[in-house]
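According to my numbering, the sequence shown is numbered sequentially starting from 18.
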Amino acid sequence: MKNLMAILLLVTVFTGLSMAQYKGYDDKGPSNYDTSGNLLLGFINPKNFTMNHSFNVSMVNTRSGSVSLTSYVNTMNYSFSKNLNVSADVKVQYSPYASSSLGAGYSSALQKNLSGVFLSRASVNYQISDNAFINFEYRRLDETDYYNNFWDPYNSNGYNGYSGFGLR
(Lines of atoms letter the chains of each structure in order from A and count residues from 1; the text may use other names and numbers.)
(Lines give C-alpha, C1' and ligand atoms only; values in the text may rest on other atoms or scores of the structure.)
Protein backbone atom coordinates (compact mmCIF):
# COMPACT_ATOMS: atom_id res chain seq x y z
CA MET A 1 0.00 0.00 0.00
CA LYS A 2 2.94 2.31 0.78
CA ASN A 3 4.37 1.61 -2.68
CA LEU A 4 1.08 2.59 -4.33
CA MET A 5 0.91 5.84 -2.33
CA ALA A 6 4.53 6.65 -3.24
CA ILE A 7 3.88 6.04 -6.95
CA LEU A 8 0.72 8.18 -6.86
CA LEU A 9 2.62 11.00 -5.11
CA LEU A 10 5.44 10.87 -7.67
CA VAL A 11 3.01 10.87 -10.61
CA THR A 12 1.12 13.82 -9.14
CA VAL A 13 4.28 15.85 -8.50
CA PHE A 14 5.89 15.15 -11.89
CA THR A 15 2.63 15.71 -13.76
CA GLY A 16 2.37 19.17 -12.26
CA LEU A 17 5.99 19.97 -13.21
CA SER A 18 5.85 18.65 -16.76
CA MET A 19 5.26 21.05 -19.65
CA ALA A 20 2.66 20.46 -22.30
CA GLN A 21 3.56 20.55 -25.94
CA TYR A 22 2.61 23.86 -27.55
CA LYS A 23 1.96 24.04 -31.23
CA GLY A 24 2.08 27.53 -32.69
CA TYR A 25 -0.61 28.89 -34.98
CA ASP A 26 0.50 28.86 -38.59
CA ASP A 27 -2.00 30.75 -40.70
CA LYS A 28 -1.51 30.02 -44.36
CA GLY A 29 -4.90 31.46 -45.27
CA PRO A 30 -8.01 29.57 -46.30
CA SER A 31 -7.53 26.52 -48.42
CA ASN A 32 -9.61 26.56 -51.58
CA TYR A 33 -10.20 23.26 -53.30
CA ASP A 34 -13.23 24.49 -55.24
CA THR A 35 -12.73 23.99 -58.95
CA SER A 36 -16.38 24.25 -60.04
CA GLY A 37 -16.96 27.97 -59.37
CA ASN A 38 -19.18 27.40 -56.29
CA LEU A 39 -21.54 25.04 -58.11
CA LEU A 40 -23.17 22.20 -56.20
CA LEU A 41 -22.78 18.86 -57.97
CA GLY A 42 -21.01 20.78 -60.74
CA PHE A 43 -24.14 22.36 -62.25
CA ILE A 44 -26.39 23.81 -59.50
CA ASN A 45 -25.66 27.44 -58.69
CA PRO A 46 -26.67 28.27 -55.08
CA LYS A 47 -27.28 31.91 -56.06
CA ASN A 48 -30.26 30.79 -58.16
CA PHE A 49 -31.77 28.72 -55.35
CA THR A 50 -34.26 30.10 -52.81
CA MET A 51 -36.08 28.42 -49.98
CA ASN A 52 -39.09 29.63 -47.98
CA HIS A 53 -40.64 28.04 -44.90
CA SER A 54 -44.07 28.19 -43.30
CA PHE A 55 -45.48 26.58 -40.18
CA ASN A 56 -49.17 26.20 -39.39
CA VAL A 57 -51.02 24.92 -36.34
CA SER A 58 -54.80 24.54 -36.53
CA MET A 59 -57.67 22.97 -34.64
CA VAL A 60 -61.19 22.30 -35.91
CA ASN A 61 -64.15 21.49 -33.67
CA THR A 62 -67.50 20.39 -35.08
CA ARG A 63 -70.50 18.59 -33.69
CA SER A 64 -69.12 15.32 -35.12
CA GLY A 65 -65.63 15.62 -33.64
CA SER A 66 -62.41 17.58 -33.62
CA VAL A 67 -59.02 17.45 -35.31
CA SER A 68 -55.76 19.26 -34.61
CA LEU A 69 -53.15 19.58 -37.31
CA THR A 70 -49.60 20.92 -37.49
CA SER A 71 -47.84 21.36 -40.81
CA TYR A 72 -44.48 22.64 -42.03
CA VAL A 73 -44.09 23.54 -45.70
CA ASN A 74 -40.71 24.03 -47.37
CA THR A 75 -40.96 25.84 -50.71
CA MET A 76 -37.87 25.43 -52.89
CA ASN A 77 -37.31 27.44 -56.08
CA TYR A 78 -34.50 27.19 -58.61
CA SER A 79 -34.02 29.38 -61.69
CA PHE A 80 -32.14 27.67 -64.50
CA SER A 81 -32.32 30.84 -66.59
CA LYS A 82 -34.30 34.07 -66.82
CA ASN A 83 -37.13 32.21 -68.59
CA LEU A 84 -37.06 28.78 -66.91
CA ASN A 85 -37.57 27.92 -63.25
CA VAL A 86 -38.80 25.02 -61.15
CA SER A 87 -40.36 24.98 -57.70
CA ALA A 88 -41.58 22.38 -55.24
CA ASP A 89 -43.45 22.39 -51.94
CA VAL A 90 -42.63 19.61 -49.48
CA LYS A 91 -45.08 19.35 -46.60
CA VAL A 92 -44.46 17.58 -43.30
CA GLN A 93 -47.79 17.20 -41.54
CA TYR A 94 -48.80 15.66 -38.22
CA SER A 95 -52.15 15.30 -36.52
CA PRO A 96 -51.54 14.97 -32.77
CA TYR A 97 -55.23 14.70 -31.90
CA ALA A 98 -58.42 13.52 -33.62
CA SER A 99 -61.77 12.51 -32.20
CA SER A 100 -64.96 11.57 -33.99
CA SER A 101 -68.51 10.60 -33.16
CA LEU A 102 -68.03 7.71 -35.62
CA GLY A 103 -65.72 5.93 -33.16
CA ALA A 104 -62.11 5.47 -32.15
CA GLY A 105 -61.27 3.48 -35.29
CA TYR A 106 -62.34 6.32 -37.56
CA SER A 107 -60.48 8.84 -35.39
CA SER A 108 -57.20 6.93 -35.54
CA ALA A 109 -57.58 6.35 -39.30
CA LEU A 110 -58.19 10.08 -39.83
CA GLN A 111 -55.18 10.92 -37.69
CA LYS A 112 -53.00 8.49 -39.66
CA ASN A 113 -54.23 9.75 -43.05
CA LEU A 114 -53.47 13.36 -42.18
CA SER A 115 -49.92 12.66 -40.94
CA GLY A 116 -46.91 12.19 -43.20
CA VAL A 117 -44.47 13.78 -45.64
CA PHE A 118 -46.01 14.89 -48.94
CA LEU A 119 -44.95 16.58 -52.14
CA SER A 120 -47.86 19.00 -52.17
CA ARG A 121 -46.84 20.98 -55.28
CA ALA A 122 -44.23 20.82 -58.04
CA SER A 123 -44.07 23.07 -61.07
CA VAL A 124 -41.97 23.89 -64.11
CA ASN A 125 -42.46 27.41 -65.51
CA TYR A 126 -41.20 28.58 -68.88
CA GLN A 127 -41.78 32.08 -70.21
CA ILE A 128 -41.95 31.97 -74.00
CA SER A 129 -42.27 35.72 -74.48
CA ASP A 130 -43.34 38.78 -72.51
CA ASN A 131 -47.02 37.84 -72.85
CA ALA A 132 -46.90 34.03 -72.96
CA PHE A 133 -45.71 31.28 -70.65
CA ILE A 134 -46.12 27.55 -70.11
CA ASN A 135 -46.69 26.16 -66.63
CA PHE A 136 -46.66 22.42 -65.82
CA GLU A 137 -47.86 21.87 -62.29
CA TYR A 138 -48.61 18.95 -59.99
CA ARG A 139 -50.76 19.52 -56.90
CA ARG A 140 -51.71 17.10 -54.17
CA LEU A 141 -55.03 18.30 -52.79
CA ASP A 142 -56.13 17.30 -49.32
CA GLU A 143 -59.30 15.28 -48.83
CA THR A 144 -61.09 18.38 -47.59
CA ASP A 145 -60.63 20.04 -50.98
CA TYR A 146 -62.61 17.28 -52.69
CA TYR A 147 -65.47 16.92 -50.23
CA ASN A 148 -66.19 20.52 -49.29
CA ASN A 149 -69.63 21.04 -50.84
CA PHE A 150 -69.51 24.79 -50.27
CA TRP A 151 -67.13 25.15 -53.23
CA ASP A 152 -69.18 22.90 -55.53
CA PRO A 153 -71.50 25.18 -57.57
CA TYR A 154 -73.48 22.19 -58.89
CA ASN A 155 -74.36 20.77 -55.47
CA SER A 156 -77.73 22.16 -54.40
CA ASN A 157 -77.20 21.03 -50.79
CA GLY A 158 -74.07 23.14 -50.36
CA TYR A 159 -73.12 24.80 -47.11
CA ASN A 160 -76.24 25.43 -44.99
CA GLY A 161 -78.40 24.93 -48.07
CA TYR A 162 -76.48 27.53 -50.10
CA SER A 163 -75.49 26.71 -53.64
CA GLY A 164 -73.17 28.68 -55.89
CA PHE A 165 -76.12 29.80 -58.03
CA GLY A 166 -78.23 31.04 -55.12
CA LEU A 167 -80.77 28.19 -55.48
CA ARG A 168 -82.13 26.21 -52.53
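Note that beta-carbon positions come from the ideal geometry of N, C-alpha and C, so glycine has one too.
Distance between beta carbons of residue j and residue i, contact taken as under 8 Å
i: V134; j: V107; result: 7 Å
i: Y123; j: S117; result: 5 Å
i: V103; j: Y89; result: Between Y89 and V103 the Cβ distance is about 21 Å, and since that is not below 8 Å, they are no contact.
Distance CB(residue i)-CB(residue j) smaller than 8 Å
i: Y95; j: F72; result: no
i: S137; j: P113; result: no
i: T92; j: N69; result: yes
i: Q144; j: F150; result: yes
Helix, strand or coil at residue i according to DSSP, with G and I counted as helix
i: S71; result: strand
i: M93; result: strand
i: M18; result: coil
i: N65; result: helix
i: T29; result: helix
i: G120; result: coil
i: D162; result: The pLDDT assigned to D162 is 49, lower than 50, so where the model puts this residue is not dependable, and the model offers no usable value.
i: N78; result: strand
i: K129; result: helix
Buried or exposed (CB count within 10 angstroms, at least 16 for buried), residue i
i: A115; result: buried
i: L131; result: buried
Reference residue i; option with closest CA among the options
i: S98; options: N148, G120, Y155 and I61; result: I61
i: H77; options: N20, V28, L101 and Q128; result: According to the sequence provided, residue 77 is Val. The question's His does not apply to it. Nearest of N20, V28, L101 and Q128 to V77, Cα basis: Q128.
i: S146; options: N100, V30, V74 and S75; result: N100
i: R157; options: A121, V28, A105 and N148; result: A105
i: G82; options: G120, S75 and K19; result: G120
i: A139; options: F31, A126, K19 and Y155; result: Y155
Heavy atom of the ligand GTP within 7 Å of residue i beta-carbon
i: T87; result: In the structure on display, the ligand GTP does not appear, and there are no ligands present to speak of.
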